[in-house]
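Inspection log for the structure reproduced underneath, given as structure tokens.
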Amino acid sequence: MLLICLALGAWQVERLFWKKDLIAQRQAAVAAAPAAVPKSLAEARDMEFRHVSDEGVFLNDKEIFLGATSEGGGQGYQVLTPLLEPAGRIVFVNRGYIPAELKDPAKRAAGQIAGTIRVRGLLRLPPAGKPNWFLPDNRPDLNYWFWVDLPAMSAADQLDRVAPFYIDADATPNPGGWPKGGVTRLTLPNNHLQYAITWFSLAVALIVIYVLFHRRNAGLR
């Protein structure tokens, strides 16, 4: 048991430094100068959370709805809309949050931007698969998604030439106020120090118990 506590404490220390490095990388990317949207996945891998801009036409009839909650806890969606670039490639844009009652585009018609538009935001890479085992499966049949799955979203929308990354639009207000951009979560929970202290404290407690137990037994002999 002692070895298990020590091993788990050491593992949490490793996770602590890994998380700090990850946070530093994310902060550096956000602080970097804006860049053009990448042309390939290889290029995009070095640009996640970098400010980028792109130009094209929104395919508003092919919106994807990602389940989300507002800062106040209200239920709603993040709206991912395909952006058709002049050269024919499509980049999904997370335009931001809408409350559940505004899922019908007719209720936020002013935000259904037509014509060529320039989008600014943070470059994002989708997860390689389901991020957590406890997440429900995506429901393409209901257009209800729990995580970003670009190949499946592209298939559901019957789209080709889709970029392997997407853009989280910045907080620039949309006409009519919806969707509300700037939804990227830039902070990461980092509780590994507390976890490490807990495991090492348990290890110390076990050592103390062991010493006291053997001293007591020695005194009874």
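For the record, in the sequence shown the residue sitting at position 125 is 535 according to this note's numbering, with numbers rising by one throughout. Glycine is no exception: its CB is placed at the ideal position from the N, C-alpha and C atoms.
ask   = Once you ignore the five residues that flank S564 on each side, which residues in its own chain have a CB closer than 7 Å to its CB?
value = Only V572 meet the Cβ criterion.
request  = Could you round the C-beta distance between D580 and G531 to whole angstroms and report it? I think they count as a contact, below 8 Å.
outcome  = The distance from the Cβ of D580 to that of G531 is about 5 Å, consistent with a contact at the 8 Å cut-off.
Closest residue to L569 among L469, W557 and N542 (Cα-Cα distance) = L469
message = For A550, which residues in the same chain have their Cβ closer than 8 Å to its Cβ, ignoring the five residues on either side in sequence?
response = According to the sequence as given, residue 550 is Pro; it is not Ala. Within the same chain, Cβ atoms closer than 8 Å to the Cβ of P550 are found at A562, M563, A565 and A566, the five residues on either side in sequence being excluded.
message = Judging by CA-CA distance, which residue of E495, L476 and G498 is the nearest neighbour of Q488?
response = L476
query = Do you know offhand how far R499's Cα is from K472's?
reply = 15 Å
message = By DSSP's criteria, F509 is part of a beta bridge. Which residues make up the other side?
response = The residue you asked about is not Phe; residue 509 is Pro in the sequence shown. G486, per the DSSP bridge assignment.
inquiry  = Between L389 and F502, how many whole angstroms is the CB-CB distance? I'm expecting something under 8 Å.
reply    = Nothing in the structure corresponds to residue 389, since the chain is present only between 411 and 631.
query = Which residue comes first and which comes last in the alpha helix (DSSP H) that contains A565?
reply = L560 to D567
query = How many angstroms separate the CA atom of L596 from the CA atom of M411?
reply = 37 Å
message = Between L413, N504 and E465, which has its C-alpha nearest R528's C-alpha?
response = E465
Nearest neighbour of L451, chosen from N548, Y554 and A538 [CA to CA] = That would be A538, whose Cα lies nearest to the Cα of L451.
ask   = For S611, which of helix, strand or coil comes out of DSSP?
value = helix
Nearest to A441 (by Cα), restricted to the options L490, K449 and L533 = In this structure, L533 is the residue among L490, K449 and L533 with its C-alpha nearest to the C-alpha of A441.
key: Residues sharing a beta bridge with T526, DSSP   = V467
query = Hey, how far is the Cα of V484 from the Cα of N542?
reply = Note on residue identity: the sequence assigns Gly, not Val, to residue 484. Using only the alpha carbons, I get a separation of about 22 Å.
task = Could you give the DSSP three-state label for V572: helix, strand or coil?
result = Of the three classes helix, strand and coil, the one that applies to V572 here is strand, per DSSP.
key: Simplified DSSP assignment, three categories, for D578   = strand
Beta-carbon contacts of V447 that lie in its chain and below 6 Å, excluding the five residues immediately before and after = Closer than 6 Å at Cβ, skipping near neighbours: V462 and D464.
query = Anyone know if the C-beta pair for I508 and W557 falls short of 8 Å?
reply = Taking the C-beta atoms as reference points, W557 is found no nearer than 8 Å to I508.
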